[in-house]
Amino acid sequence: MIFGASGDLTHRKLIPSLCSLHGKGRLPKDLRIVGVARGARTDAEFRDSLLEGVRQNGDMHPNPEEWQVFASRIFYAPGDVTSATGLDALQAKLGELEAPAAGKGNRLYYLALAPSLYEPAVNTLGLLNMAREHSNQSSSQSSGQNPGWRRVVVEKPFGVDLASAQELNNSIQSVFSEHQVYRIDHYLGKETVQNILVFRFANTIFEPLWNRNYIDHVQITVAETVSVSERGDFYDQAGLLRDMIQNHMLQLLSLIAMEPPSSFDADSLRDEKVKVLRAIRRIEPQDVSRHGVAGQYQGYGAERGVAAGSRTPTYAALRLHIDNWRWKDVPFYMRSGKALADKTTEIVVQFRRPPHLMFSMNRDAGGQDADLPPNTLAICVQPDEGFHIRFQAKAPDSWLQLHPVDLEFHYQDAFGDKANPDSYERLLIDALTGDASLFARNDEIEEAWTIIDPFIAGFAAAQTLPPAEYPQGSWGPQEADAFIQGDGRDWLRGCGGH
Ligand code: BG6
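The numbering of the sequence shown is my numbering, which starts it at 1 and goes up by one.
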């Protein structure tokens, strides 16, 4: 059931991903999709309205027959999920659709709604007794029958700070148990992000190096070329730290920094991620300028929906420290922004320099030992998914001129064009099959807010300088370069950019 069925997410992501899963034969055989929104539409009108989104956004370009088969699984019920009587038409529709399951149909409720509607929607589901997983688990398992599960998928943003996230968690948990709740962070559905786990824990060669003895620092960059364009209203309230760092970037950081879980079940994995988040050193709002830089692109104030004189950051660079044995004194730098020079998501791990150099560095070019660029490992999340390892080689026919070269693995080369489905495909199928590993747990979300809230408050405080301006199409404010250079380091591009 998709609440918010007329919205952008449904058209651009959910239906195209479901269509692709259908094409791959991965959807449960009896799955039906019911869209719920306020407007009056017939099933046929709703189906027709979805086709364009599938054509434009989906991996699968169904021919008319294929579309007919998929579309016949889709239904529509007009409704208002914020009021108990608003779901009468849906209840009637469910009565028909679930009749063959004799009241034991499983239900996934997807809240593709404005965030202000999450709580009212969950309350309505509670009031109508739609969250309860009925039937006795043990007897149904022994008889091999479907126990009729209920799950709810909640989109980001999950709150706007710790207090609102706790309130939302409390409301949801007063209706659903934690095992029924799937909080989406679409970064976790990206193939390369999942591959961080495989890379770290299915190979032995990296793990011995994965600590403070060999790693100098880590940089996580999520750069976008797009401006806030049509989303000014939302964005001006949210800002870069809420929109990208509290969720996507802290998820990336925890996968890079976590200890190996003992098994790949959802809770073991999430326990380890939470431990990392807990170990991140908290800062005080008055100290933000020592730990980061906020920026705003020139012309942001003139975007539609943005308040005059807004101090909302569209860029941020932060340095975080993880206070545990593995990462003590290894800074994790994060930078992200809108209207930047390139679209890239990459994690660069910079290793320490060799303790002693027996080569006189690039002597024929007059170089110094300190010029030797250290080894780096770049995890390229997008757009050109892969891994690059940079190391030194001797330039041919030189006295001993060292030259950095890259050992590269590209997903496309190894697995072909179709290698990377949209992250929603993976997350939808996981939610349908009950695997919560790639969804955020309540404690993860709350820990993440306790890390980010002081930065947001500090950057917004009257005594802090306003965000540093940067030209659109640049790499952010000069202050961000000065910030990392103050630590004797530079921002790195490890995935092919310069
Ligand atoms: C969303 C943010 O969560 O992620 C957007 O709200 C951002 O502002 C988007 O553009 C980036 O996602 P991706 O998958 O394009 O990196």
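Cβ coordinates follow ideal geometry from the N, Cα and C atoms, glycine included.
Here the structure is a predicted model, which is why all the values come from computation and not from measurement.
Check                                                                                                           : Outcome
Ligand 1 heavy atom lying under 8 Å from the CB of D243                                                         : yes
For K394, the three-state DSSP class (helix, strand or coil)                                                    : strand
Local conformation of T204 per DSSP, three classes                                                              : coil
Proximity winner among A414, K394, I429, relative to V405 (alpha-carbon distances)                              : K394
Where V122 falls: helix, strand or coil (DSSP)                                                                  : helix
Close-in-space but distant-in-sequence residues of the same chain around L90 (CB under 6 Å, 5 per side omitted) : V36, A77, G79
Ordered list of beta strand (DSSP E) runs contained in the stretch 273-315, each at least 3 residues            : 292-297
Beta carbon of V349 nearer than 9 Å to that of I484                                                             : no
Closest by C-alpha distance to F351, when choosing among S336, T345, L340, W327                                 : W327
Test item: CB-CB of H186 and S336 under 9 Å                                                                     : no
Residue interval of the alpha helix (DSSP H) (run including V54)                                                : 43-57
Boundaries of the alpha helix (DSSP H) in which D233 is found, first to last residue                            : 232-240
Buried or exposed (CB count within 10 angstroms, at least 16 for buried), T345                                  : buried
Reduced DSSP secondary structure (H/G/I, E/B, other) of D216                                                    : strand
First and last residue of the uninterrupted alpha helix (DSSP H) at H22                                         : 15-23
Collapsed DSSP secondary structure at H388 in the structure displayed                                           : strand
contact_flag[the stretch 239-251, the stretch 313-324] where n(CB pairs < 8 Å) is 3 or more                     : yes
Span of the alpha helix (DSSP H), counted from its first residue to its last, around S229                       : S229 -> no alpha helix (DSSP H), and no H or E assigned at all.
Terminal residues of the alpha helix (DSSP H) in which Q412 lies                                                : 411-415
Inter-stretch contact (C-beta, 8 Å, three-pair minimum) for the stretch 421-440 and the stretch 258-269         : yes
Inter-residue Cα distance where the pair is M334 and A462                                                       : 24 Å
Cβ neighbours of A341 in the same chain (closer than 8 Å, five flanking residues each side left out)            : A223, T225, G473, S474, W475
Through-space distance from S227 to E207, alpha-carbon basis                                                    : 38 Å
Residue burial classification, L127 (beta-carbon count within 10 angstroms, cutoff 16)                          : exposed
Buried or exposed by the 16-neighbour rule on C-beta atoms within 10 Å, applied to K29                          : exposed
Per-residue burial, A101 [other beta carbons within 10 Å of its own, 16 or more giving buried]                  : exposed
Closest Cα partner of T464 within the set P454, Y470, G488                                                      : P454
Contact test: K24 Cβ vs ligand 1 heavy atom, cutoff 8 Å                                                         : no
Proximal residues to R489 (C-beta, below 7 Å), its chain only, five neighbours per side dropped                 : H217
Residues near D443 by beta carbon distance below 6 Å, same chain, minus five either side                        : V274
Limits of the unbroken beta strand (DSSP E) element including Q350                                              : 344-351
Cross-strand partners of E408 (DSSP beta bridge)                                                                : H388
Proximity to R282 [Cα-Cα], best of E167, P16, G458                                                              : G458
Nearest neighbour of P354, chosen from V330, F391, H321 [CA to CA]                                              : F391
Proximity test, K13 beta-carbon vs ligand 1 heavy atom, cut-off 8 Å                                             : no
Distance between V152 and R73 (C-alpha atoms, nearest Å)                                                        : 20 Å
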